[in-house]
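*Asks:* Residue numbers (the numbering used here): 5 to 217.
We put the CB at the ideal spot given by N, CA and C, even for glycine.
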């Protein structure tokens, strides 16, 4: 089957929708908190609203910093990115009571597209454990060849529908929607970085493996 060549405008629109989906909830909470601050005279309610604003602002900032590397043009063309920076934004992205991130990797510089792929695989891993759990990241190799192993463990772990076909650029019906763009985009980044991605499910653990071809 020939790989789908998604129109560049459609790809940009779907990626923008993906980023907005992550940011709109905390931004909406900030707006709600400000409205409470304006309308309430009760000090307890104002303190509650202020805590909500602080938490939501941190969450929105963390998600935007993550998106800047995972989807954006962080660094110049062909640049390398420090995996320590990737770890920092990933831990900010998953900083909640639902998912715990375990990072097993020494700090190193890797080609930009490989780091973008790594962060996108983390988002995919989270989709495989919708009830939350633990995501463990292991990086081996160096700038010449790398292997990423991500194990997402949680109750009712699953491989999201059509994930491998989307990664391979061969979606059903030759189309991609907002639900599938994450996997399709990760496949594009994987091929651009010379890496192959495979998925596996064993019990309550969803594994994603990417290695240099």
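Compare the Cα-Cα distances from residue 194 to each of 52, 183 and 152 and report the closest residue.
*Replies:* Translated into positions along the chain shown, residue 194 becomes position 190. When only C-alpha atoms are compared, the closest one is 152.
*Asks:* Pick helix, strand or coil for residue 51, following the three-state DSSP scheme.
*Replies:* Indexing the chain shown from 1 puts residue 51 at position 47. Residue state, collapsed to three classes: helix.
*Asks:* Assign residue 16 to one of three DSSP states: helix, strand, or coil.
*Replies:* Mapped onto the chain shown, residue 16 falls at position 12. In this structure, residue 16 counts as helix in the three-state DSSP scheme.
*Asks:* Skipping 5 residues on each side, what residues in its chain have a beta carbon closer than 7 Å to that of residue 132?
*Replies:* In the chain shown, counting from the first residue as 1, residue 132 sits at position 128. Around residue 132: 156, 161, 162, 163, 164 and 210.
*Asks:* For residue 42, which of helix, strand or coil comes out of DSSP?
*Replies:* As a working note, residue 42 is residue 38 in the chain shown. Note: residue 42 maps to helix in three-state DSSP.
*Asks:* For residue 72, tell me which candidate among 19, 134, 187 and 7 has the shortest Cα-Cα distance.
*Replies:* Residue 72 sits at position 68 when you count from the first residue of the chain shown. Comparing Cα positions, the closest option is 19.
*Asks:* Do three or more CB pairs link the stretch 84-91 to the stretch 33-45 at distances below 8 Å?
*Replies:* No, they do not touch.
*Asks:* Measure the alpha-carbon distance for residue 62 versus residue 26 and round it to whole angstroms.
*Replies:* Here residue 62 corresponds to residue number 58 of the chain shown, with the count starting at 1. Here residue 26 corresponds to residue number 22 of the chain shown, with the count starting at 1. Cα to Cα, the separation comes out at about 13 Å.
*Asks:* Would the beta-carbon of residue 21 fall within 8 Å of that of residue 182?
*Replies:* The sequence position of residue 21 within the chain shown is 17, counting from 1. The sequence position of residue 182 within the chain shown is 178, counting from 1. Yes, Cβ-Cβ distance for residue 21 and residue 182 is below 8 Å.
*Asks:* Sort out for me which residues DSSP pairs residue 87 with in a bridge.
*Replies:* Position 83 of the chain shown, counting from 1, holds the residue named residue 87. Residue 87 pairs with nothing; no bridge assigned.
*Asks:* Check whether the stretch 64-71 touches the stretch 108-122, counting contact only when three or more Cβ pairs, one atom from each stretch, lie closer than 8 Å.
*Replies:* The stretch 64-71 is not in contact with the stretch 108-122.
*Asks:* By a C-beta neighbour count over all protein chains shown, 10 Å radius and 16 as the cutoff for buried, is residue 180 buried or exposed?
*Replies:* Locating residue 180 in the chain shown gives position 176, where the first residue counts as 1. By the 10 Å Cβ count, residue 180 comes out buried.
*Asks:* When you compare each of 32, 11, 171 and 173 to residue 58 by their alpha carbons, which one comes out closest?
*Replies:* Locating residue 58 in the chain shown gives position 54, counting from the first residue. Ranking 32, 11, 171 and 173 by Cα distance to residue 58 puts 32 first.
*Asks:* Do you know whose CA, among 188, 158 and 14, lies nearest residue 172's CA?
*Replies:* Counting from 1 along the chain shown, the entry for residue 172 is found at position 168. The option with the nearest alpha carbon to residue 172 is 188.
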